[in-house]
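For the sequence shown, my numbering assigns the number 161 to the initial residue and increments by one for each residue that follows.
Worksheet for the structure shown next.
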Amino acid sequence: MKFRSFRTTRSFHKWTGFVCSIFFLVLAISGILLMHRDSMNLDNIEIAAKYLPDRYFSHSSPSLTVQSIAVSTQNPQRLFVGTDTGLFHTSDHGKTWDQLNDGLMDDDIRALAISPQDPQIIYAGTSKGIFLSENGGLNWTDWFEESSGLKFTDINALVIHPDHPEILLAGTSGGLFISQDEGETWESTFAGDQYQDSSNILFIKFSSENKSIYLGTPSGILKSLDDGHTWVRKWKSVLPEVLDLIAIDTNPEFIYVATPQGLLKSFNRGITWVKDETFHSQSVHFLVLDPIDSTHIYLATANGLYFSKDGGDNWTATSEDNSILSSGSLLSSITVFREKSQSASTIFASNEKGFYVSNDSGQHWQDTQLNQMAAKGAELLKMDLVKLMTEIHTGRFFGNYVFLLVDIATVGLVVLIVSGFIIGTYRKKVSESKKTKEIMARLTKDESVETIFQIQETADDLSDESHQIHELIEHINTHLTKCKMIYSSKEKKEIEKIEKHIHTIDKKMHHLMERIGEFEELS
(Lines of atoms letter the chains of each structure in order from A and count residues from 1; the text may use other names and numbers.)
(Lines give C-alpha, C1' and ligand atoms only; values in the text may rest on other atoms or scores of the structure.)
Protein backbone atom coordinates (compact mmCIF):
# COMPACT_ATOMS: atom_id res chain seq x y z
CA MET A 1 0.00 0.00 0.00
CA LYS A 2 1.32 3.42 -0.91
CA PHE A 3 1.51 6.08 1.78
CA ARG A 4 -1.08 8.24 -0.02
CA SER A 5 -3.54 5.31 -0.14
CA PHE A 6 -2.89 4.61 3.52
CA ARG A 7 -3.56 8.23 4.44
CA THR A 8 -6.85 8.20 2.47
CA THR A 9 -7.93 4.92 4.09
CA ARG A 10 -7.09 6.25 7.56
CA SER A 11 -9.12 9.45 6.97
CA PHE A 12 -12.05 7.44 5.62
CA HIS A 13 -11.86 5.12 8.64
CA LYS A 14 -11.82 8.08 11.01
CA TRP A 15 -14.87 9.83 9.50
CA THR A 16 -16.84 6.60 9.13
CA GLY A 17 -16.22 5.88 12.79
CA PHE A 18 -17.27 9.42 13.69
CA VAL A 19 -20.61 9.11 11.84
CA CYS A 20 -21.33 5.65 13.26
CA SER A 21 -20.45 6.81 16.77
CA ILE A 22 -22.96 9.68 16.50
CA PHE A 23 -25.65 7.26 15.29
CA PHE A 24 -25.10 4.84 18.19
CA LEU A 25 -24.67 7.67 20.68
CA VAL A 26 -28.13 8.99 19.79
CA LEU A 27 -29.60 5.50 20.20
CA ALA A 28 -27.83 5.03 23.53
CA ILE A 29 -28.93 8.38 25.00
CA SER A 30 -32.55 8.01 23.86
CA GLY A 31 -32.61 4.42 25.15
CA ILE A 32 -31.31 5.45 28.59
CA LEU A 33 -33.86 8.27 28.83
CA LEU A 34 -36.69 5.90 27.94
CA MET A 35 -35.50 3.33 30.51
CA HIS A 36 -35.45 5.94 33.29
CA ARG A 37 -38.49 7.96 32.22
CA ASP A 38 -40.24 7.49 35.57
CA SER A 39 -37.31 8.32 37.82
CA MET A 40 -36.46 11.39 35.72
CA ASN A 41 -40.14 12.46 35.53
CA LEU A 42 -39.97 12.80 31.75
CA ASP A 43 -43.69 12.13 31.24
CA ASN A 44 -44.53 15.63 32.46
CA ILE A 45 -42.19 17.42 30.05
CA GLU A 46 -43.66 18.72 26.78
CA ILE A 47 -42.00 20.25 23.74
CA ALA A 48 -43.77 23.07 21.90
CA ALA A 49 -44.47 22.53 18.21
CA LYS A 50 -42.31 25.47 17.14
CA TYR A 51 -39.19 23.63 18.35
CA LEU A 52 -39.94 20.46 16.36
CA PRO A 53 -39.56 19.62 12.65
CA ASP A 54 -42.42 20.56 10.35
CA ARG A 55 -43.11 16.89 9.61
CA TYR A 56 -44.74 16.55 13.06
CA PHE A 57 -47.00 19.59 12.93
CA SER A 58 -48.47 21.15 9.80
CA HIS A 59 -49.43 24.61 11.02
CA SER A 60 -52.25 26.19 9.10
CA SER A 61 -54.27 29.34 9.18
CA PRO A 62 -56.92 29.96 11.85
CA SER A 63 -59.69 29.45 9.28
CA LEU A 64 -61.07 25.94 9.66
CA THR A 65 -62.03 23.33 7.09
CA VAL A 66 -63.83 20.26 8.41
CA GLN A 67 -62.60 17.18 6.57
CA SER A 68 -64.06 14.32 8.60
CA ILE A 69 -66.68 13.68 11.28
CA ALA A 70 -67.14 10.64 13.52
CA VAL A 71 -69.91 9.99 16.07
CA SER A 72 -69.68 7.38 18.79
CA THR A 73 -72.43 4.80 18.27
CA GLN A 74 -72.60 4.08 22.02
CA ASN A 75 -72.58 7.73 23.09
CA PRO A 76 -74.10 10.04 20.45
CA GLN A 77 -73.15 13.08 22.51
CA ARG A 78 -69.49 12.40 21.75
CA LEU A 79 -68.40 13.84 18.45
CA PHE A 80 -64.95 13.94 16.84
CA VAL A 81 -64.22 16.47 14.12
CA GLY A 82 -61.11 16.28 11.98
CA THR A 83 -60.01 19.54 10.41
CA ASP A 84 -56.98 20.97 8.66
CA THR A 85 -56.02 22.61 11.97
CA GLY A 86 -56.31 19.58 14.24
CA LEU A 87 -58.71 17.14 15.89
CA PHE A 88 -61.51 18.46 18.09
CA HIS A 89 -63.90 16.70 20.43
CA THR A 90 -67.21 17.57 22.04
CA SER A 91 -69.32 15.59 24.49
CA ASP A 92 -72.32 17.93 24.49
CA HIS A 93 -73.28 18.21 20.81
CA GLY A 94 -70.91 21.07 20.10
CA LYS A 95 -71.50 23.40 23.05
CA THR A 96 -67.93 23.04 24.29
CA TRP A 97 -64.83 21.76 22.54
CA ASP A 98 -61.48 20.22 23.41
CA GLN A 99 -58.53 19.75 21.13
CA LEU A 100 -56.99 16.27 21.22
CA ASN A 101 -53.33 16.48 20.29
CA ASP A 102 -51.38 14.39 22.82
CA GLY A 103 -49.20 12.27 20.55
CA LEU A 104 -51.07 13.33 17.42
CA MET A 105 -48.18 14.71 15.39
CA ASP A 106 -50.11 16.02 12.41
CA ASP A 107 -52.98 18.48 12.53
CA ASP A 108 -54.23 17.72 9.01
CA ILE A 109 -56.95 15.23 10.03
CA ARG A 110 -58.51 13.86 6.85
CA ALA A 111 -60.38 10.75 8.01
CA LEU A 112 -61.72 9.32 11.27
CA ALA A 113 -62.95 5.85 12.22
CA ILE A 114 -64.33 4.61 15.56
CA SER A 115 -64.37 0.90 16.39
CA PRO A 116 -67.96 -0.41 16.55
CA GLN A 117 -66.93 -2.85 19.32
CA ASP A 118 -64.97 -0.42 21.50
CA PRO A 119 -65.70 3.33 21.18
CA GLN A 120 -62.44 4.07 22.99
CA ILE A 121 -60.49 2.87 19.94
CA ILE A 122 -60.22 5.66 17.37
CA TYR A 123 -58.19 5.86 14.17
CA ALA A 124 -57.19 9.19 12.62
CA GLY A 125 -56.00 9.35 9.02
CA THR A 126 -53.69 12.29 8.32
CA SER A 127 -51.30 13.54 5.67
CA LYS A 128 -48.48 11.72 7.51
CA GLY A 129 -50.08 8.35 8.21
CA ILE A 130 -52.61 6.83 10.60
CA PHE A 131 -52.68 7.38 14.37
CA LEU A 132 -54.36 5.17 16.96
CA SER A 133 -55.89 6.09 20.30
CA GLU A 134 -57.11 3.48 22.76
CA ASN A 135 -58.59 5.86 25.32
CA GLY A 136 -61.08 7.89 23.34
CA GLY A 137 -58.59 10.29 21.80
CA LEU A 138 -56.92 11.49 25.00
CA ASN A 139 -53.59 9.98 23.93
CA TRP A 140 -52.41 8.75 20.55
CA THR A 141 -49.99 5.93 21.23
CA ASP A 142 -49.39 4.36 17.82
CA TRP A 143 -48.42 5.79 14.48
CA PHE A 144 -48.73 3.68 11.33
CA GLU A 145 -46.64 4.85 8.37
CA GLU A 146 -44.00 3.52 5.96
CA SER A 147 -42.40 1.15 8.46
CA SER A 148 -45.71 -0.69 8.95
CA GLY A 149 -46.23 -1.16 5.21
CA LEU A 150 -48.22 2.00 4.52
CA LYS A 151 -46.09 3.16 1.59
CA PHE A 152 -48.30 6.19 0.91
CA THR A 153 -49.05 8.15 4.08
CA ASP A 154 -51.43 10.82 2.76
CA ILE A 155 -54.76 9.33 3.81
CA ASN A 156 -57.90 10.39 1.94
CA ALA A 157 -60.33 7.81 3.33
CA LEU A 158 -60.33 5.42 6.29
CA VAL A 159 -63.03 2.86 7.15
CA ILE A 160 -63.46 -0.17 9.41
CA HIS A 161 -64.97 -3.26 7.83
CA PRO A 162 -68.60 -3.47 9.04
CA ASP A 163 -68.46 -7.24 9.59
CA HIS A 164 -64.82 -7.60 10.65
CA PRO A 165 -63.71 -4.78 13.00
CA GLU A 166 -60.08 -5.93 12.91
CA ILE A 167 -59.90 -5.10 9.19
CA LEU A 168 -59.14 -1.50 8.19
CA LEU A 169 -59.14 0.00 4.71
CA ALA A 170 -57.13 3.14 3.93
CA GLY A 171 -57.47 5.06 0.69
CA THR A 172 -54.36 7.02 -0.26
CA SER A 173 -52.98 8.91 -3.24
CA GLY A 174 -51.11 5.71 -4.14
CA GLY A 175 -53.95 3.20 -3.91
CA LEU A 176 -55.86 1.16 -1.34
CA PHE A 177 -54.13 -0.44 1.66
CA ILE A 178 -55.72 -3.07 3.93
CA SER A 179 -54.77 -4.11 7.46
CA GLN A 180 -55.92 -7.44 8.89
CA ASP A 181 -54.58 -6.78 12.41
CA GLU A 182 -56.13 -3.49 13.55
CA GLY A 183 -53.55 -1.37 11.76
CA GLU A 184 -50.31 -2.99 12.90
CA THR A 185 -49.32 -4.05 9.37
CA TRP A 186 -50.58 -2.96 5.97
CA GLU A 187 -50.65 -4.47 2.50
CA SER A 188 -51.29 -2.79 -0.82
CA THR A 189 -54.34 -4.42 -2.37
CA PHE A 190 -54.78 -1.92 -5.18
CA ALA A 191 -51.82 0.26 -6.08
CA GLY A 192 -53.00 1.54 -9.42
CA ASP A 193 -50.96 -0.98 -11.41
CA GLN A 194 -53.96 -2.00 -13.47
CA TYR A 195 -55.43 1.48 -13.68
CA GLN A 196 -52.67 4.09 -13.43
CA ASP A 197 -55.19 6.92 -13.56
CA SER A 198 -57.17 5.44 -10.63
CA SER A 199 -54.54 5.20 -7.91
CA ASN A 200 -55.81 8.27 -6.01
CA ILE A 201 -58.59 6.95 -3.77
CA LEU A 202 -61.17 9.61 -2.85
CA PHE A 203 -63.69 7.51 -0.91
CA ILE A 204 -64.39 3.92 0.19
CA LYS A 205 -67.96 2.62 0.41
CA PHE A 206 -69.48 -0.78 1.14
CA SER A 207 -72.56 -2.25 -0.46
CA SER A 208 -75.70 -2.53 1.63
CA GLU A 209 -74.92 -6.17 2.51
CA ASN A 210 -71.18 -5.44 2.96
CA LYS A 211 -70.26 -7.92 0.24
CA SER A 212 -68.84 -5.41 -2.22
CA ILE A 213 -66.39 -2.55 -1.91
CA TYR A 214 -66.61 0.57 -4.06
CA LEU A 215 -63.65 2.89 -4.56
CA GLY A 216 -64.13 6.42 -5.81
CA THR A 217 -61.30 7.76 -7.95
CA PRO A 218 -60.93 10.81 -10.21
CA SER A 219 -61.47 8.58 -13.24
CA GLY A 220 -64.47 6.60 -12.00
CA ILE A 221 -65.59 3.73 -9.78
CA LEU A 222 -63.74 0.50 -9.04
CA LYS A 223 -65.57 -2.48 -7.54
CA SER A 224 -64.32 -5.57 -5.70
CA LEU A 225 -66.31 -8.67 -4.78
CA ASP A 226 -63.49 -10.46 -2.92
CA ASP A 227 -62.50 -8.03 -0.15
CA GLY A 228 -60.17 -6.05 -2.37
CA HIS A 229 -58.08 -8.80 -3.96
CA THR A 230 -59.28 -8.03 -7.49
CA TRP A 231 -60.89 -4.94 -8.97
CA VAL A 232 -63.08 -4.11 -11.94
CA ARG A 233 -63.73 -0.67 -13.38
CA LYS A 234 -67.45 0.07 -13.39
CA TRP A 235 -69.68 2.42 -15.35
CA LYS A 236 -66.89 4.50 -16.88
CA SER A 237 -68.95 5.56 -19.89
CA VAL A 238 -71.95 6.52 -17.73
CA LEU A 239 -70.17 7.89 -14.65
CA PRO A 240 -66.95 9.61 -15.72
CA GLU A 241 -66.59 11.42 -12.37
CA VAL A 242 -68.19 10.43 -9.07
CA LEU A 243 -68.05 12.55 -5.90
CA ASP A 244 -69.99 10.26 -3.56
CA LEU A 245 -71.92 6.98 -3.53
CA ILE A 246 -74.51 5.23 -1.36
CA ALA A 247 -76.00 1.74 -1.59
CA ILE A 248 -79.53 1.15 -0.29
CA ASP A 249 -80.51 -2.20 1.17
CA THR A 250 -83.16 -3.27 -1.30
CA ASN A 251 -83.60 -6.25 -3.59
CA PRO A 252 -82.05 -5.66 -6.02
CA GLU A 253 -79.70 -3.14 -4.47
CA PHE A 254 -80.24 0.55 -5.26
CA ILE A 255 -77.13 2.64 -5.95
CA TYR A 256 -77.13 6.45 -5.95
CA VAL A 257 -74.11 8.49 -7.05
CA ALA A 258 -73.34 12.19 -6.72
CA THR A 259 -71.63 13.76 -9.74
CA PRO A 260 -70.82 17.27 -10.99
CA GLN A 261 -73.67 16.78 -13.48
CA GLY A 262 -76.30 15.89 -10.88
CA LEU A 263 -77.76 12.82 -9.15
CA LEU A 264 -77.80 9.45 -10.94
CA LYS A 265 -79.73 6.43 -9.69
CA SER A 266 -79.68 2.72 -10.48
CA PHE A 267 -82.38 0.33 -9.29
CA ASN A 268 -80.66 -2.84 -10.53
CA ARG A 269 -77.13 -2.74 -9.05
CA GLY A 270 -75.76 -0.49 -11.74
CA ILE A 271 -77.00 -2.25 -14.86
CA THR A 272 -78.92 0.82 -15.96
CA TRP A 273 -78.90 4.42 -14.75
CA VAL A 274 -81.41 7.26 -14.66
CA LYS A 275 -80.83 10.92 -13.93
CA ASP A 276 -82.82 12.68 -11.24
CA GLU A 277 -84.45 15.68 -12.88
CA THR A 278 -84.63 17.61 -9.60
CA PHE A 279 -80.89 18.26 -9.78
CA HIS A 280 -80.56 18.18 -13.54
CA SER A 281 -77.78 20.76 -13.82
CA GLN A 282 -76.62 21.02 -10.22
CA SER A 283 -73.42 19.54 -8.87
CA VAL A 284 -74.19 17.09 -6.07
CA HIS A 285 -71.38 16.75 -3.48
CA PHE A 286 -72.64 14.50 -0.68
CA LEU A 287 -75.14 11.69 -0.19
CA VAL A 288 -75.95 10.50 3.35
CA LEU A 289 -78.39 7.83 4.54
CA ASP A 290 -80.33 8.09 7.77
CA PRO A 291 -78.86 5.35 10.02
CA ILE A 292 -82.31 4.16 11.13
CA ASP A 293 -84.41 4.49 7.98
CA SER A 294 -82.60 3.93 4.67
CA THR A 295 -85.43 5.57 2.73
CA HIS A 296 -84.44 8.90 4.32
CA ILE A 297 -81.66 10.42 2.24
CA TYR A 298 -79.81 13.72 2.62
CA LEU A 299 -78.20 15.40 -0.35
CA ALA A 300 -75.86 18.41 -0.43
CA THR A 301 -75.41 20.80 -3.33
CA ALA A 302 -74.04 24.31 -3.74
CA ASN A 303 -77.59 25.56 -3.18
CA GLY A 304 -78.03 23.92 0.20
CA LEU A 305 -79.07 20.70 1.90
CA TYR A 306 -81.98 18.59 0.61
CA PHE A 307 -83.95 15.73 2.11
CA SER A 308 -86.00 12.84 0.71
CA LYS A 309 -88.19 10.58 2.84
CA ASP A 310 -89.25 8.28 0.01
CA GLY A 311 -85.98 6.85 -1.22
CA GLY A 312 -85.12 9.77 -3.50
CA ASP A 313 -88.34 10.08 -5.46
CA ASN A 314 -89.05 13.56 -4.09
CA TRP A 315 -86.72 16.18 -2.62
CA THR A 316 -87.24 19.22 -0.44
CA ALA A 317 -84.88 21.73 1.18
CA THR A 318 -84.28 20.84 4.80
CA SER A 319 -84.83 24.43 5.90
CA GLU A 320 -86.26 27.62 4.47
CA ASP A 321 -83.88 29.61 6.68
CA ASN A 322 -80.75 30.25 4.62
CA SER A 323 -79.13 32.59 7.13
CA ILE A 324 -76.62 29.90 8.13
CA LEU A 325 -76.42 27.34 5.32
CA SER A 326 -77.02 29.97 2.67
CA SER A 327 -77.33 29.39 -1.03
CA GLY A 328 -73.96 29.19 -2.73
CA SER A 329 -72.23 28.00 0.44
CA LEU A 330 -70.47 24.74 -0.41
CA LEU A 331 -70.66 22.09 2.31
CA SER A 332 -67.33 20.43 3.05
CA SER A 333 -68.77 17.63 5.19
CA ILE A 334 -72.05 16.28 6.53
CA THR A 335 -72.93 13.57 9.06
CA VAL A 336 -76.36 12.32 10.12
CA PHE A 337 -77.04 10.49 13.38
CA ARG A 338 -80.26 9.25 14.94
CA GLU A 339 -81.06 6.93 17.80
CA LYS A 340 -84.00 4.56 17.57
CA SER A 341 -85.83 6.49 20.27
CA GLN A 342 -85.50 9.77 18.33
CA SER A 343 -88.05 10.92 15.79
CA ALA A 344 -85.73 13.54 14.26
CA SER A 345 -82.15 13.15 13.12
CA THR A 346 -79.17 15.10 14.37
CA ILE A 347 -77.16 16.56 11.51
CA PHE A 348 -73.69 18.06 11.59
CA ALA A 349 -72.61 20.08 8.58
CA SER A 350 -69.77 22.44 7.79
CA ASN A 351 -68.86 25.04 5.21
CA GLU A 352 -66.19 27.71 4.87
CA LYS A 353 -67.91 29.82 7.55
CA GLY A 354 -68.19 27.30 10.37
CA PHE A 355 -69.44 24.03 11.79
CA TYR A 356 -73.17 23.71 12.50
CA VAL A 357 -75.58 21.33 14.19
CA SER A 358 -79.28 20.68 13.72
CA ASN A 359 -81.32 18.59 16.14
CA ASP A 360 -84.52 18.56 14.04
CA SER A 361 -83.46 16.94 10.77
CA GLY A 362 -82.04 20.16 9.36
CA GLN A 363 -84.91 22.58 9.91
CA HIS A 364 -82.96 24.80 12.31
CA TRP A 365 -79.21 25.25 12.67
CA GLN A 366 -76.86 26.47 15.37
CA ASP A 367 -73.22 27.49 15.14
CA THR A 368 -71.03 25.28 17.35
CA GLN A 369 -68.29 27.95 17.68
CA LEU A 370 -65.69 25.45 16.53
CA ASN A 371 -63.96 28.08 14.40
CA GLN A 372 -63.19 30.13 17.50
CA MET A 373 -61.61 27.09 19.09
CA ALA A 374 -59.53 26.40 15.99
CA ALA A 375 -58.16 29.96 15.98
CA LYS A 376 -56.06 29.17 19.04
CA GLY A 377 -55.54 25.49 18.28
CA ALA A 378 -52.15 25.92 16.66
CA GLU A 379 -50.78 27.50 19.86
CA LEU A 380 -51.74 24.39 21.84
CA LEU A 381 -49.78 21.90 19.76
CA LYS A 382 -47.16 20.12 21.85
CA MET A 383 -45.39 16.79 22.03
CA ASP A 384 -44.34 15.07 25.23
CA LEU A 385 -40.63 14.36 25.60
CA VAL A 386 -41.12 10.60 25.97
CA LYS A 387 -42.89 10.47 22.62
CA LEU A 388 -40.08 12.47 21.02
CA MET A 389 -37.45 10.13 22.51
CA THR A 390 -39.43 7.15 21.22
CA GLU A 391 -39.53 8.68 17.75
CA ILE A 392 -35.77 9.20 17.80
CA HIS A 393 -34.98 5.76 19.23
CA THR A 394 -37.19 3.90 16.73
CA GLY A 395 -35.94 5.98 13.81
CA ARG A 396 -39.31 7.54 12.96
CA PHE A 397 -37.90 10.96 13.77
CA PHE A 398 -35.89 10.69 10.57
CA GLY A 399 -39.02 10.10 8.48
CA ASN A 400 -38.60 8.53 5.06
CA TYR A 401 -34.82 8.43 5.50
CA VAL A 402 -34.88 5.96 8.40
CA PHE A 403 -34.23 2.93 6.16
CA LEU A 404 -31.47 4.81 4.35
CA LEU A 405 -29.83 5.74 7.65
CA VAL A 406 -29.95 2.15 8.89
CA ASP A 407 -28.43 0.93 5.62
CA ILE A 408 -25.71 3.58 5.79
CA ALA A 409 -24.95 2.69 9.41
CA THR A 410 -24.72 -1.01 8.53
CA VAL A 411 -22.44 -0.38 5.57
CA GLY A 412 -20.47 2.06 7.70
CA LEU A 413 -19.84 -0.64 10.30
CA VAL A 414 -18.59 -3.05 7.63
CA VAL A 415 -16.35 -0.35 6.15
CA LEU A 416 -15.13 0.54 9.64
CA ILE A 417 -14.12 -3.06 10.34
CA VAL A 418 -12.49 -3.61 6.93
CA SER A 419 -10.61 -0.32 6.94
CA GLY A 420 -9.52 -0.93 10.53
CA PHE A 421 -8.16 -4.36 9.56
CA ILE A 422 -6.31 -2.86 6.59
CA ILE A 423 -4.84 -0.07 8.70
CA GLY A 424 -3.82 -2.53 11.43
CA THR A 425 -2.11 -4.81 8.93
CA TYR A 426 -0.33 -1.90 7.30
CA ARG A 427 0.82 -0.52 10.65
CA LYS A 428 2.18 -3.96 11.62
CA LYS A 429 4.21 -4.07 8.43
CA VAL A 430 5.44 -0.54 9.03
CA SER A 431 6.44 -1.47 12.59
CA GLU A 432 8.36 -4.51 11.37
CA SER A 433 10.03 -2.38 8.72
CA LYS A 434 11.08 0.18 11.35
CA LYS A 435 12.63 -2.54 13.51
CA THR A 436 14.57 -3.86 10.52
CA LYS A 437 15.83 -0.38 9.73
CA GLU A 438 16.93 0.15 13.33
CA ILE A 439 18.91 -3.11 13.30
CA MET A 440 20.49 -2.19 10.00
CA ALA A 441 21.28 1.25 11.34
CA ARG A 442 23.03 -0.25 14.37
CA LEU A 443 24.95 -2.68 12.16
CA THR A 444 25.92 0.11 9.80
CA LYS A 445 27.14 2.20 12.72
CA ASP A 446 29.39 -0.64 13.98
CA GLU A 447 30.72 -1.26 10.49
CA SER A 448 31.47 2.44 10.09
CA VAL A 449 33.65 2.46 13.25
CA GLU A 450 35.50 -0.63 12.06
CA THR A 451 36.02 0.96 8.67
CA ILE A 452 37.43 4.11 10.27
CA PHE A 453 39.98 2.00 12.18
CA GLN A 454 40.90 0.22 8.97
CA ILE A 455 41.32 3.52 7.17
CA GLN A 456 43.53 4.80 10.00
CA GLU A 457 45.68 1.65 9.91
CA THR A 458 45.94 1.80 6.13
CA ALA A 459 46.93 5.45 6.28
CA ASP A 460 49.66 4.62 8.83
CA ASP A 461 50.95 1.80 6.65
CA LEU A 462 51.03 4.07 3.60
CA SER A 463 52.95 6.65 5.61
CA ASP A 464 55.56 4.04 6.68
CA GLU A 465 55.94 2.69 3.16
CA SER A 466 56.30 6.18 1.71
CA HIS A 467 59.10 6.82 4.26
CA GLN A 468 60.80 3.61 3.24
CA ILE A 469 60.61 4.58 -0.44
CA HIS A 470 61.97 7.98 0.42
CA GLU A 471 64.90 6.38 2.25
CA LEU A 472 65.61 4.10 -0.74
CA ILE A 473 65.64 7.04 -3.09
CA GLU A 474 68.04 8.85 -0.76
CA HIS A 475 70.20 5.74 -0.67
CA ILE A 476 70.26 5.55 -4.48
CA ASN A 477 71.30 9.18 -4.64
CA THR A 478 74.15 8.39 -2.25
CA HIS A 479 75.38 5.52 -4.48
CA LEU A 480 75.18 7.70 -7.58
CA THR A 481 77.31 10.32 -5.85
CA LYS A 482 79.86 7.65 -4.93
CA CYS A 483 79.92 6.44 -8.55
CA LYS A 484 81.11 9.80 -9.62
CA MET A 485 83.90 9.80 -7.07
CA ILE A 486 85.28 6.20 -7.20
CA TYR A 487 87.22 4.43 -9.78
CA SER A 488 85.70 2.64 -12.68
CA SER A 489 86.73 -0.78 -11.23
CA LYS A 490 84.26 -0.32 -8.49
CA GLU A 491 81.55 1.14 -10.77
CA LYS A 492 80.09 -2.23 -11.64
CA LYS A 493 79.53 -3.10 -7.98
CA GLU A 494 77.77 0.20 -7.34
CA ILE A 495 75.54 -0.24 -10.38
CA GLU A 496 74.41 -3.64 -9.09
CA LYS A 497 73.47 -2.09 -5.78
CA ILE A 498 71.56 0.68 -7.56
CA GLU A 499 69.65 -1.90 -9.65
CA LYS A 500 68.81 -3.81 -6.49
CA HIS A 501 67.47 -0.63 -4.86
CA ILE A 502 65.47 0.26 -7.98
CA HIS A 503 63.88 -3.23 -8.00
CA THR A 504 62.94 -2.79 -4.35
CA ILE A 505 61.46 0.64 -5.08
CA ASP A 506 59.37 -0.89 -7.89
CA LYS A 507 57.92 -3.50 -5.55
CA LYS A 508 57.27 -0.87 -2.94
CA MET A 509 55.52 1.32 -5.50
CA HIS A 510 53.23 -1.56 -6.64
CA HIS A 511 52.35 -2.35 -3.06
CA LEU A 512 51.77 1.34 -2.39
CA MET A 513 49.34 1.57 -5.35
CA GLU A 514 47.37 -1.43 -4.06
CA ARG A 515 47.07 0.12 -0.62
CA ILE A 516 45.98 3.41 -2.14
CA GLY A 517 43.16 1.51 -3.94
CA GLU A 518 42.06 -0.08 -0.66
CA PHE A 519 42.13 3.32 0.99
CA GLU A 520 39.82 4.75 -1.69
CA GLU A 521 37.32 1.89 -1.21
CA LEU A 522 37.30 2.29 2.56
CA SER A 523 36.92 6.04 2.45
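Note that CB positions come from ideal geometry on N, CA and C, so glycine has one too.
- Ala188 carries a helical assignment under DSSP once its states are collapsed to helix, strand and coil.
- Here Lys383 carries a strand assignment [DSSP, helix/strand/coil].
- For Leu548, the uninterrupted alpha helix (DSSP H) run begins and ends at 545–554, by DSSP.
- Annotation for Gly309: no beta strand (DSSP E) segment contains it, and DSSP assigns it neither H nor E.
- Lys425 and Phe414 have their C-alpha atoms roughly 7 Å apart.
- With a threshold of 16 other beta carbon atoms within 10 Å, Glu551 meets it and is buried.
- Counting C-beta pairs with one atom in each stretch, the segment 278–292 and the segment 312–321 have three or more that are closer than 8 Å, which means they touch.
- Just so you know, the alpha carbons of Tyr416 and Leu423 end up roughly 7 Å apart.
- Non-local C-beta neighbours of Val186 in its own chain, meaning closer than 7 Å and more than five positions away in sequence, comprise Ile552, ordered along the chain.
- The residues Thr243, Thr245, Asn531, Ala534, in chain order, have a CB closer than 6 Å to that of Leu224 in the same chain once the five nearest residues on each side in sequence are set aside.
- Spatial neighbours of His671 in its own chain (CB-CB distance under 8 Å, excluding positions within 5 residues in sequence) are listed in chain order as Glu625.
- Under the 10 Å beta carbon count, Gly191 is surrounded by fewer than 16 other beta carbons and is classified as exposed.
- Less than 8 Å separates the beta-carbon of Ser521 from that of Ser505.
- Taken through DSSP and simplified to helix, strand or coil, Leu202 comes out as helix.
- A direct Cα-Cα distance of roughly 10 Å separates Trp475 from Leu465.
- With the rule of 3 Cβ pairs closer than 8 Å, the segment 360–377 counts as touching the segment 395–409.
- Judged by DSSP secondary structure, Leu260 falls outside any beta strand (DSSP E); it is assigned neither H nor E.
- Judged by DSSP secondary structure, Thr495 falls within the beta strand (DSSP E) whose first and last residues are 493–497.
- When beta bridges are read from the DSSP output, Asp404 appears opposite Ala418.
- Note on Leu447: 16 or more other CB atoms within 10 angstroms of its CB, so buried under the neighbour-count rule.
- Pairing Leu194 with Val571 gives a Cβ-Cβ distance that is not under 8 Å.
- Take the alpha-carbon of Met265 and the one of Leu292: they are about 11 Å apart.
- Counting of Cβ neighbours within 10 angstroms places Asn511 among the buried residues, the total reaching 16 or more.
- With distances taken between CA atoms, Leu449 lies nearest to Gly472 out of Ser228, Gly472, Leu202, Gly380.
- Within the same chain, and ignoring the five residues on either side of Leu385 in sequence, the residues whose Cβ sits closer than 6 Å to its Cβ are Ser372.
- In the assembly as shown, Asp341 is an exposed residue. Its beta-carbon has fewer than 16 other beta-carbons within 10 Å.
- Contact between His445 and Ser479 is absent: CB atoms are separated by about 18 Å, not below the 8 Å threshold.
- The three-state reading of DSSP puts Thr461 in strand, counting E and B together.
- When the five nearest sequence neighbours on each side are left out, the beta carbons in the same chain lying within less than 8 Å of the beta carbon of Gly343 are those of Tyr283, Ile290, Leu292, Asp302, Phe304, Ser308, Leu328, in order along the chain.
- For Ile431, the secondary structure class from DSSP, reduced to helix, strand or coil, is coil.
- Under DSSP, Ile282 forms a beta bridge with Ile274, Ser293.
- Here Thr256 is exposed, its C-beta having fewer than 16 other C-beta atoms within 10 Å.
- Glu437 and Lys396 have their C-alpha atoms some 21 Å from each other.
- Following the DSSP letters along the chain, one finds Ile229 inside the beta strand (DSSP E) bounded by residues 226–231.
- Annotated as distal: Glu401 and Thr390, with beta-carbon spacing of 8 Å or more.
- Under the three-state reduction of DSSP, Gln340 is assigned to coil, being neither helix nor strand.
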